[in-house]
Amino acid sequence: MASASTIEIAASTIRRRPVAGRRFRSVLGWVFCGVAFGLVAVPLLDIILLILVRGFSALSPQLFTQVTEGVGGGLLNAITGTIVLSIGALIFGVPIGIGTGIYLSEFGNGRFGFVVRFLADVLTGVPSIVLGYFSYVTMVIWLGWQFSVLAASITLAMMILPYMAKMTELVLRQIPVSMREAAYALGADDRMMVVRVLLPVAMPGITTATLLSLAISVGETAPLIYTAGWSNYVWNGRLTHQPIGYLTYVIWSFINQPFASAHALAFAAALLVMVTVLAINLGARALLHGRSS
Amino acid sequence: MSERLVDVTPGASAPPAPRRRWAPRPFRAVLVALAAVIPLVIVAVLLFLVVYAWPAIKFNGLGFLLTKTWDLGNLYADPVETRGVLAPVGATYGCLVFVAGTLASSFLALLVAVPVSLGISIFLAEGVIPALKTPFAIVVEMLAVVPSVVYGLWGIIVLVPIVAHTIAPALAAVLGAIPFFRAGGGTGFGLLASSLVLALMIIPVITITVYDAMTRIPKEAKEAAYALGTTKFEMVFFTMLPMVRPAIIGAVILGLGRALGETMAVLMVSGGALNYLPATLMTPISTMASFIVSQLDSAEQDESGLAVQSLAEIAIVLFVITVVVNMVARLLVRSGSGARG
């Protein structure tokens, strides 16, 4: 009897003390996790606030009507340049990416498909500056294009290609097999099945992927330094032998100048780039979310 | 057309796949050709860089990886032939400083990013109320899409002054006995600032991968842990984390790959070192990627072309390192998810 109660007391003390310690450690753990989240949330908000505040105070109509002169003037050349380069990147990157995605999803279960899928992952991880240097060596120097729209667009296309391929494959694989079987049963060949059945269904997903690729091109800097160069003038329509300006160059180069006008341009450019990139990504997210729910 | 196809399906519940005979398939050939572009790009990048850098590779030899000095030599004198290559007098090219800067900043970044990322993953997966899960996840995802150059801008304006005036003095006061933490320069541009920016950039990479893996853990495993009387955090720490270990390792290496190749942000806050190795947290550094960008202008002054070719050699070293790192990471992530599924 007595021994039983002793055991009970002993058991309860043994249980209670570790539990208190365990609770404490658990609370500590959760605090760490919350602080960890704060450690990234605060910088993100600070980045957005900094760009919004400083960017908006630098905004003016002449940014959109004038070209850059020295460290002042407007951003018309850079804005049009970024648009031209991004569209160029999409022209090269999107069709090849979609084609690769179709292959991987429809016929890519063999060894070649595995290799392509794996190398797409590898290409995603190749530093953009290495791709830029490759383009510099091949297109800018050997082909003699010099700093040009074509070299820069192809470089950006190489960067977005694996994204387009992977996302297209993902979208296509979500389409039920029965739709393919139905198309084949009606006598459609591969081409008919893909073009008339799969692509219309996959179109929203592919559009999202294209928009995300656009965001990547707009925000990229390093490879363009080696391929696009910089120009104070609005693009004159030449594909080669003509450098072109772009917004991210302004951010990188003008923030290191000791002039207030240069800093204002850098922040205005950062605002334009950030708003574009965040809007595209949030929009794409909303689109995907809206469809899945 | 497609609507009509769908209407037909219910009648023919399991249509057999049409038997195909061997015949030319132009459509599939086109797709194969398009799919071949990615492998071609990878092969072409390596091939053309090596061909282009070949004179530099011959000139620099294996010592390239172990030489600290980057000296363009006398660009005004006539180049002389050395090791079969025309080179400016006194030219020495070595990438040890940049390899060291790259490795040091990346590993310091991992040191910060890994615990923080795990904390955020746990917080998102189990800690936060469901209503806040999506907005908080968006915060992490948006970190991943902020352009590198904007991180650099923020680094220059906000982070570097904080590093110079707050973090460095604090570290020096607490850990000043260790030479590595003794604040040397007062500018804030250097190893620590680079590592912190890199950490911020790779945290979303690691967090998203680990968080994805955590959400795929079956409910039964969590319930089993609860049944043994664990607190929620113990359940996460002793049950969920070990279950996603392969994903964590893969994600960390993936983050490492991103950090090794990061260019603009590091270029803007690193201070740009030449010919010396990082000795303290505040030493200016150069990474391979940032050096390639910052040196193009001066390398082009070298008419023998050897400087630009040596930059290409750095690009090759960087390419090989990141490709190997990424391959390992992808294989680990893949084998990890395979084991779970």
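Read top to bottom, the protein sequences are chains C and X.
Note that my numbering gives residue 123 to position 123 of the first sequence, counting from 1, and the numbers run on in steps of one.
Note that my numbering gives residue 1304 to position 304 of the second sequence, counting from 1, and the numbers run on in steps of one.
We treat Cβ as the ideally placed atom computed from N, Cα and C, and that holds for glycine.
Identification of residues in the region 270 to 287 of chain C having a C-beta nearer than 9 Å to some C-beta of chain X yields Ala270, Val273, Met274, Val277, Leu278, Ile280, Asn281, Leu282 and Arg285, given in sequence order.
For Leu1072 of chain X, the secondary structure class from DSSP, reduced to helix, strand or coil, is coil. For Val115 of chain C, at least one C-beta of chain X is nearer than 8 Å to its own C-beta.
For Met203 of chain C, the number of other beta carbons within 10 angstroms of its own is below 16, and it is reported as exposed.
When beta bridges are read from the DSSP output, Leu1086 of chain X appears opposite X:Glu1081. Ala1251 of chain X has its alpha-carbon roughly 10 Å from the corresponding atom of Ser1117 of chain X. Under the DSSP assignment, Arg1182 of chain X falls outside any alpha helix (DSSP H); it carries neither an H nor an E label. Taking a C-beta cut-off of 7 Å against chain X, the contacting residues of the region 19 to 32 of chain C are Arg22, Arg23, Ser26, Gly29, Trp30 and Phe32, listed in chain order.
A straight line joining the alpha-carbon of Gly1063 of chain X with that of Ser57 of chain C spans about 52 Å.
With fewer than 16 other Cβ atoms from the protein chains shown falling within 10 Å of its own Cβ, Ser60 of chain C counts as exposed. Contact between Val116 of chain C and Ala1035 of chain X holds, with the beta-carbon distance rounding to 5 Å and staying under 8 Å.
Burial check for Ile1042 of chain X: the Cβ neighbour count within 10 Å reaches 16 or more, so the residue is buried. For the region 112 to 194 of chain C, the continuous alpha helix (DSSP H) assignments of 4+ residues that do not extend past its boundaries occur at 128 to 135, 149 to 173 and 177 to 185, in sequence order. CA-to-CA, the gap between Ser128 of chain C and Met159 of chain C works out to about 7 Å. Ser105 of chain C is positioned such that its CB atom lies no closer than 8 Å to that of Glu181 of chain C. Here the alpha carbons of Ala1173 of chain X and Ala1109 of chain X stand approximately 22 Å from one another. Relative to the Cα of Gly1127 of chain X, the nearest Cα in the group X:Phe1233, X:Ala1315, X:Gly1094 and X:Val1051 belongs to X:Phe1233. When C:Ile206, C:Ala185, C:Ala222 and C:Gly34 are compared, the shortest CA-CA separation from Thr155 of chain C is found for C:Ala222. Look at Ile1249 of chain X here: in three-state DSSP terms it is helix. Taking a beta-carbon distance threshold of 8 Å, Ser86 of chain C does not count as an interface residue toward chain X. Between the alpha carbons of Asn236 of chain C and Ile206 of chain C lies a gap of roughly 31 Å. In terms of beta-carbon proximity, Asn1326 of chain X lines the interface with chain C, with at least one pair separated by less than 8 Å.
In the DSSP assignment, Ile1285 of chain X forms a beta bridge with X:Gly1271. DSSP places Asn236 of chain C in no alpha helix (DSSP H); its state is neither H nor E. Under DSSP, Gly73 of chain C forms a beta bridge with C:Thr68.
Within the region 1169 to 1236 of chain X, the runs of alpha helix (DSSP H) that reach at least 4 residues and sit entirely inside it are, in chain order, 1191 to 1215, 1219 to 1227 and 1232 to 1235. Within the same chain, Ser86, Leu90 and Ile280 come within 7 Å of Leu214 of chain C by CB-CB distance, once the 5 residues on both sides are set aside. Of all alpha-carbon atoms in C:Cys33, C:Glu220 and C:Phe267, the one lying nearest the alpha-carbon of Ile1122 of chain X is that of C:Cys33. Ala1125 of chain X sits away from Met1243 of chain X, with the two beta carbons spaced by 8 Å or more. When DSSP reads this structure, Thr1092 of chain X sits in a beta bridge with X:Asp1071. If you check each beta-carbon in the region 1284 to 1317 of chain X against every beta-carbon of chain C, the ones closer than 8 Å belong to Ala1289, Ile1292, Val1293, Leu1296, Leu1311, Ala1312 and Ala1315.
At least one CB of chain C lies nearer than 8 Å to the CB of Val1032 of chain X. Put simply, the CB of Phe1237 of chain X is near chain C, with a gap under 8 Å to one of its CB atoms. Using a CB distance below 9 Å, the part of the region 151 to 171 of chain C facing chain X consists of Met158, Leu161, Pro162 and Ala165, ordered along the chain. Taking 8 Å as the CB threshold, Gly1250 of chain X stays off the interface with chain C. Tyr246 of chain C carries a coil assignment under DSSP once its states are collapsed to helix, strand and coil.
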